[in-house]
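K.L.:
Got a structure for you, questions after.
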Amino acid sequence: ADAERLSAAEVQALGNWSQGQIYEHVARSLDSSIDGAGFSLPAPMRWMMSIFMKRKYLKRELPPGFKSTERFIPEETSVAAGLASLQGAIARQKHESKRAPHPAFGNIGPDGWNDFHLRHAELHMSFLVEGSHTPE
């Protein structure tokens, strides 16, 4: 609902990605929880991440500033195309029960993935500000 509302408003995208790229990135993340991410961290790192980071990353606000690899940065995408991808990915979440292992946390199940997606979307959507504001 926030993405649909923001798509109809004047929005300033803070940070390095456009509004369309943010929607596309979140959509790809949603899809990866069903299709698999195509990679996973080595077992020792997954174990460490599960012990020390899993609860934080599933239950609390994700911190900005993570430097993503090129693999996760979408090409420039229009707002309409990004929104369509996001809407399609959300619909898949509602209709498909299969969930792949998380690449860092392993088998977290549908509830764990839902928590992760909410935190992940919260982070990226926080870079979209209604109006043509300039940061203070």
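Going by the working numbering, the sequence shown opens with residue 2, and the numbers climb by one from there.
Glycine residues also receive a C-beta, built at the ideal position from the N, C-alpha and C atoms.
All figures in this text were calculated on a predicted structure; none of them were measured in a lab.
1) For Glu97, which of helix, strand or coil comes out of DSSP?
2) Of the residues Ala101, His125, Gly107 and Ser8, which one's Cα is nearest the Cα of Asp36?
3) CA-CA distance, Asp32 and Val12?
4) Is Gly16 helix, strand or coil by DSSP?
5) Leaving out five residues before and five after Arg93 in sequence, what residues of the same chain have Cβ atoms less than 8 Å from its Cβ?
6) Measure from the alpha carbon of Ala28 to the alpha carbon of each residue in Ala81, Lys57 and Val130, then state which is nearest.
7) Going by the CB atoms, is the gap between Ile23 and His118 shorter than 8 Å?
8) So, at 6 Å on beta carbons, what are the nonlocal neighbours of Ser41 in its own chain, with the 5 sequence-adjacent residues on each side left out?
9) Using a threshold of 8 Å, state whether the C-beta atoms of Arg61 and Phe106 are closer than that.
10) If you drop the 5 nearest sequence neighbours on each side, which residues of the same chain put their C-beta closer than 8 Å to that of Leu15?
11) Which one of Glu123, Lys95 and Ala122 has the shortest CA to CA distance from Pro111?
12) What does His103 pair with, by DSSP beta-bridge criteria?
13) Look up Glu131 in the DSSP assignment and give the residues it is bridged to.
P.N.:
Looking at the coordinates:
1) Note: Glu97 maps to coil in three-state DSSP.
2) The shortest C-alpha separation from Asp36 is found at Ala101.
3) The alpha-carbon atoms of Asp32 and Val12 are separated by roughly 25 Å.
4) Correct three-state label for Gly16: coil.
5) Answer for Arg93: Leu31, Asp32 and Ile35, listed in chain order.
6) The shortest CA-to-CA distance from Ala28 to any of Ala81, Lys57 and Val130 is the one to Ala81.
7) No. Outside cutoff.
8) So the qualifying residues of the chain are Pro104.
9) It is not a contact, given that the beta carbons lie outside the stated cut-off.
10) The residues are Phe128, Leu129, Val130 and Pro136.
11) With distances taken between Cα atoms, Pro111 lies closest to Lys95.
12) In DSSP, His103 forms a bridge with Gly107.
13) The partner list for Glu131 (beta bridge, DSSP) reads Val12.
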